[in-house]
Amino acid sequence: MKRHLVSALMLSLIAGLAGAADTAKSTAPASAKEVKKPVSGIATEYIDPSVRVQDNLFTHMNGKWLATTEIPADKSSWGSFAKLNDDIQPQLRAIIEGAASNKAGGPEAQRIGDFYASFMDEARLEQLGLTPLNAELAKIAALNDKKQLPQLISHFNQIGVTAPYGYGIHQDNKDSTKYVADISQDGLGLPDRDYYLKADDKKLADILAKYELHVAKILTLAGDAHGAETAHAIVAFETELAKLQWTKVELRDPIKAYNKVDIAKLNDVAPGYDWNAYLTDAGVAGKVSYVIVSQPSYLKGMTALLDSTPLDTLKAYFQWQLLRTNAAYLNKAFVDENFAFYGTVLSGVTEQRPRWKRGVSVTQNALGEAIGKLYVAEYFPADRKARMEEMVKNLLATYKTSIDKLDWMTPATKKQAQAKLAKFTYKIGYPNKWRDYSALTTSKDDLVGNVLRSRQFDYNKELNKLGKPIDRDEWGMTPQTVNAYYNPEMNEIVFPAAILQAPFFNFDADDAVNYGAVGGVIGHEISHGFDDQGAQYDGDGNLRDWWTAADHKAFAAKTKMLVEQYNEFSPLPGYHVNGELTLGENIADNSGVAIAYKAYKLSLHGKKAPVIDGLTGDQRFYMGFAQVWRLKMREAAQIQQIKTDPHSPGQFRANGPMRNQPGFYDAFGVKPGDKMYLAPKDRVIMW
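Mapping of the sequence shown onto mature numbering (1 follows the signal peptide of the UniProt record, and there is no 0): residues -20 to -1, 1 to 667, in sequence order.
#1: Is GLN151 helix, strand or coil when you go by DSSP?
#2: What is the rounded straight-line gap between the Cα of VAL428 and the Cα of TYR309?
#3: Does DSSP put GLN165 in a helix, in a strand, or in coil?
#4: What are the start and end residues of the alpha helix (DSSP H) that includes THR39?
#5: Could you have a look at THR219 and say whether DSSP puts it in helix, strand or coil?
#6: Where does the unbroken alpha helix (DSSP H) through GLY586 begin, and where does it stop?
#7: Can you grab the Cα-Cα spacing for the pair TYR546 / GLU106, in whole Å?
#8: Using DSSP with H/G/I as helix, E/B as strand and the rest coil, what is ASP242?
#9: Please list, in chain order, all residues of the same chain as ASP490 whose beta carbon is under 8 Å from its beta carbon, the five residues on each side excluded.
#10: Does SER134 have its Cβ less than 8 Å from a Cβ in chain D?
#11: Drop a sphere of 10 angstroms on the beta-carbon of ARG639, count the other beta-carbons inside from all chains shown, and report buried for 16 or more, exposed for fewer.
#12: Taking ARG173 as the reference, give the member of PRO87, ARG104 and TYR278 with the closest Cα.
#13: Over the uninterrupted alpha helix (DSSP H) stretch that includes GLU88, give me the two end residues.
#14: Do ASP94 and THR422 count as a contact pair if the criterion is CB distance below 8 Å?
#15: Considering only residues of the same chain and omitting the five flanking positions on each side of GLY636, which have a CB-CB separation below 8 Å?
#16: Any idea if THR393 is buried or exposed, counting beta-carbon neighbours within 10 angstroms, 16 or more meaning buried?
#17: Is ALA464 closer than 8 Å to VAL431 when the C-beta atoms are compared?
#18: How long is the line joining the alpha carbons of VAL557 and ALA537, rounded to whole angstroms?
#19: Should the region 170 to 188 be regarded as contacting the region 290 to 307, the criterion being three or more beta carbon pairs within less than 8 Å?
#20: Enumerate, from N- to C-terminal direction, the unbroken beta strand (DSSP E) stretches of 3 or more residues contained entirely within the region 253 to 285.
#21: Report the partner residues of PRO459 according to the DSSP bridge assignment.
#22: What is the rounded straight-line gap between the Cα of ILE147 and the Cα of GLN69?
#23: In the DSSP assignment, find the beta strand (DSSP E) that holds LYS228 and state where it starts and stops.
#24: Using the DSSP secondary-structure output, state which residues sit across from ILE408 in a beta bridge.
#25: Looking at PHE485: is its Cβ nearer than 8 Å to the Cβ of VAL474?
#26: For residue 669, which three-state DSSP category applies?
#27: Tell me the DSSP bridge mates of SER57?
#28: In chain order, which alpha helix (DSSP H) runs of at least 4 residues are fully inside the region 303 to 353?
#29: Drop a sphere of 10 angstroms on the beta-carbon of ASP292, count the other beta-carbons inside from all chains shown, and report buried for 16 or more, exposed for fewer.
#30: Is the number of C-beta pairs between the region 235 to 249 and the region 266 to 277 that are closer than 8 Å three or more?
#31: If we require 4 or more residues per run, which alpha helix (DSSP H) segments fall completely within the region 543 to 592?
#32: From PRO87, SER164, THR458 and LEU376, pick the residue whose C-alpha is nearest to that of MET282; which is it?
#33: Determine, using beta-carbon pairs with one atom in the region 411 to 421 and one in the region 340 to 359, whether at least three such pairs fall under 8 Å.
#34: Taking just the CA atoms, how far does LYS413 sit from ALA79?
#35: What's the C-alpha gap between ASN494 and ASP531?
#36: Figure out for me which residue from ASP152, ILE133, GLN151 and HIS150 has the closest Cα to the Cα of ALA143.
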């Protein structure tokens, strides 16, 4: 589904904090009141006093942690999000293993247990070797005419195997009351086209060379006596696909990516290919009269490339993608070689995660909401959801007030912005209704079969949406996901249960740190509705221009400045943040902290915040925001993030927004000459 998912964010509970505390005070008998000294919530043990806040907030806040913390051997990065995610793995393991041993748990518990057991049975996987994929390999081997390609690609789309183009179901961006099928670029074994095309980047060139060696090793394990030669042809084919693909920046433009094509006219877009055969096999034919082609130029070039590429090369390519997508579920030789490249070469990780953690992950991929239902029952108190709801309401109210005070938005557009804000919906903790997994068959001795069936099950779920009303109860993340997102097609913000806990919200801390931490995240998610992408959607989730020409001009000037600011940031020598790729998230970071600060000040009701640990309330607010982005990343993973991730690296998510916040300057006395200082004319203030 096409969604604006935010990949590394916290959630919330901010503005409701003071209210909830006041309620507790008013209802408790005087004799039962317990006066507690307020806690700052700031990890002062990690502060590096040798680095001034005014020069580098991130390093000042996290310097000792950065100097003493080693990234775990099985991780590509380590920080607040990764640690919380790691902390809940034993909880999930206990849930899954409990389901496996619960004879009275019913069919759903048995599915969970059988799936996990099939992954943990290493002896059987060694015995089976490559045989679980024999039927799929036979389908590729039987390919003797390119006219069969549409059916094979459709099949690959259904079982989750990478193919030259992908398929998905989502709301029609110009009619959000309907589901529509989307065809988009795909087909690469590396994270981005730059890995194939940036020959002048020595690190990327080295990865590409090692990728070809990896392809050869996997093919050799699968019995190809000419693995090196075959691998060379496969990488050459993928390189040609990469040349056709749109860049990550181009993909951010929802208008450019919205190309409505009648099914009967698909051949006009990408001639010489049997689209009818593909759509029939995909189950789409007869259900819709049109599709959305996300990248028409790619599709046209791809069909020509398929036509000009030898059939043997295509067969080898499909065999490789089948093996690549499923190598982690085969015997040890495949698992180890897969990790050696995708774990070590591509991400810098030196050690595999323990098998039980990988088993938890793969079981969650298939049965996430079934596990989530059990997780919520055990680990998500009801009062946490209630307080979160109150806080989100308070942040939305702060946005409402702020819109009217914007000096760069015209009255006509403010009216439209208020209309959109009024239609925002939010989901907290877990779904109102749980997914039904009764149609998914699992077996404790068939891991690959379980994986393929679960992918087909997911595909069928999406396909069955066509022609039906929009399911507004659906979630794009499971409750046990440490993350949050904004979905412009639904105009909704979503906060899963797992992130609503320490370190992102500290129930014992003074409000300031929580407003800075989770408050900044809530503000971040809401602001996605008004960033350079989200602002192109109206309150009903439709792509519609509701801005005046004057507003477009004023907004473009601000975003241009923000792009230039972030382009200057460099996490590694020779690599800079891509200000255009990260623009939406940078807007959200800057806007989110600005709104959260306003909400914090309002929560004080004119009273002065206490000084705790020698820090004022405003100082704790900004420091709370900065400590959330505590992060270390391996070099290979950092390069991958720069090339593919719409989020800026952690240190710039902490420091970048602060340089634009007047309150930060006041809180710490930032002056000309300080490294965090920007002249007022150079600051980007959106909210």
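We put the CB at the ideal spot given by N, CA and C, even for glycine.
The short version:
#1: Here residue 151 is taken as the residue at index 171 of the sequence shown, counted from 1. Of the three classes helix, strand and coil, the one that applies to GLN151 here is strand, per DSSP.
#2: For the purposes of this step, residue 428 is identified with residue 448 of the sequence shown, where counting begins at 1. For the purposes of this step, residue 309 is identified with residue 329 of the sequence shown, where counting begins at 1. So the two alpha carbons sit approximately 6 Å from each other.
#3: Counted from its first residue, the sequence shown places residue 165 at position 185. Residue state, collapsed to three classes: strand.
#4: Locating residue 39 in the sequence shown gives position 59, where the first residue counts as 1. Segment 37 to 48, the alpha helix (DSSP H) holding THR39.
#5: Within the sequence shown, residue 219 is the residue found at index 239, counting from 1. If DSSP states are grouped into helix, strand and coil, THR219 belongs with the helices.
#6: By one-based count along the sequence shown, residue 586 stands at place 606. Taken as a continuous stretch (DSSP letters only), GLY586 belongs to no alpha helix (DSSP H), as it is neither H nor E.
#7: The residue given as residue 546 occupies position 566 in the sequence shown. The residue given as residue 106 occupies position 126 in the sequence shown. Straight-line Cα distance between these residues: approximately 49 Å.
#8: Taking the sequence shown and counting its residues from 1, one reaches residue 242 at position 262. Here ASP242 sits in strand by DSSP.
#9: On the sequence shown, residue 490 is found 510 positions in, with the first residue counted as 1. Closer than 8 Å at the Cβ level, and outside the excluded window around ASP490, lie PRO18, VAL19, SER20, GLY21, ALA589, PRO590, ILE592, GLY597 and ARG600.
#10: Checking the listed chains, one finds no chain D in this structure; it contains a single protein chain.
#11: Position 659 of the sequence shown, counting from 1, holds the residue named residue 639. Classification for ARG639: buried.
#12: Walking along the sequence shown from the start, residue 173 turns up at place 193. Answer by Cα proximity: TYR278.
#13: Against the sequence shown, residue 88 aligns to sequence position 108. GLU88 -> alpha helix (DSSP H) spans 86 to 100.
#14: Locating residue 422 in the sequence shown gives position 442, counting from the first residue. Locating residue 94 in the sequence shown gives position 114, counting from the first residue. It is a contact, given that the beta carbons lie within the stated cut-off.
#15: Translated into positions along the sequence shown, residue 636 becomes position 656. Excluding sequence neighbours, GLY636 sits near GLN545, TYR546, PHE549, ASN566, ASP569, ASN570 and SER628.
#16: Residue numbering aside, residue 393 sits at position 413 when the sequence shown is read from its first letter. By the 10 Å Cβ count, THR393 comes out buried.
#17: The residue you call residue 431 lines up with position 451 of the sequence shown. The residue you call residue 464 lines up with position 484 of the sequence shown. No; because the gap between Cβ atoms is not below 8 Å, this pair is not in contact.
#18: Counted from its first residue, the sequence shown places residue 557 at position 577. Counted from its first residue, the sequence shown places residue 537 at position 557. If I take the Cα positions, the gap works out to 19 Å.
#19: no
#20: 270 to 273
#21: Position 479 of the sequence shown, counted from the start, is the residue given in the question as residue 459. Answer is none; PRO459 lacks a bridge partner.
#22: The sequence position of residue 147 within the sequence shown is 167, counting from 1. The sequence position of residue 69 within the sequence shown is 89, counting from 1. Reading off the sequence shown, one finds Tyr at residue 147, where the question assumed Ile. For TYR147 and GLN69, the distance between alpha carbons rounds to 32 Å.
#23: Translated into positions along the sequence shown, residue 228 becomes position 248. From DSSP, LYS228 is part of no beta strand (DSSP E); its letter is neither H nor E.
#24: On the sequence shown, residue 408 is found 428 positions in, with the first residue counted as 1. Paired residue(s): PHE475.
#25: Residue mapping note: residue 485 aligns to position 505 of the sequence shown, counting from 1. Residue mapping note: residue 474 aligns to position 494 of the sequence shown, counting from 1. For PHE485 and VAL474, no; Cβs fall outside 8 Å.
#26: Look at the range of the chain in this structure, -20 to 667, and you will see that residue 669 is not part of it.
#27: Sequence index remark: in the sequence shown, residue 57 carries index 77 (1-based). Partner(s): MET613.
#28: 312 to 319
#29: If you number the sequence shown from 1, residue 292 lands on position 312. Classification of ASP292: exposed, given that the 10 Å Cβ count is below 16.
#30: yes
#31: 563 to 583
#32: Counted from its first residue, the sequence shown places residue 282 at position 302. Out of PRO87, SER164, THR458 and LEU376, SER164 has the C-alpha closest to the C-alpha of MET282.
#33: yes
#34: Here the question's residue 79 lines up with position 99 in the sequence shown. Here the question's residue 413 lines up with position 433 in the sequence shown. In a straight line, the C-alpha of ALA79 is about 20 Å away from that of LYS413.
#35: The sequence position of residue 494 within the sequence shown is 514, counting from 1. The sequence position of residue 531 within the sequence shown is 551, counting from 1. Between ASN494 and ASP531, the C-alpha separation is close to 33 Å.
#36: Position 163 of the sequence shown, counted from the first residue, corresponds to residue 143. Per the Cα distances, ILE133.
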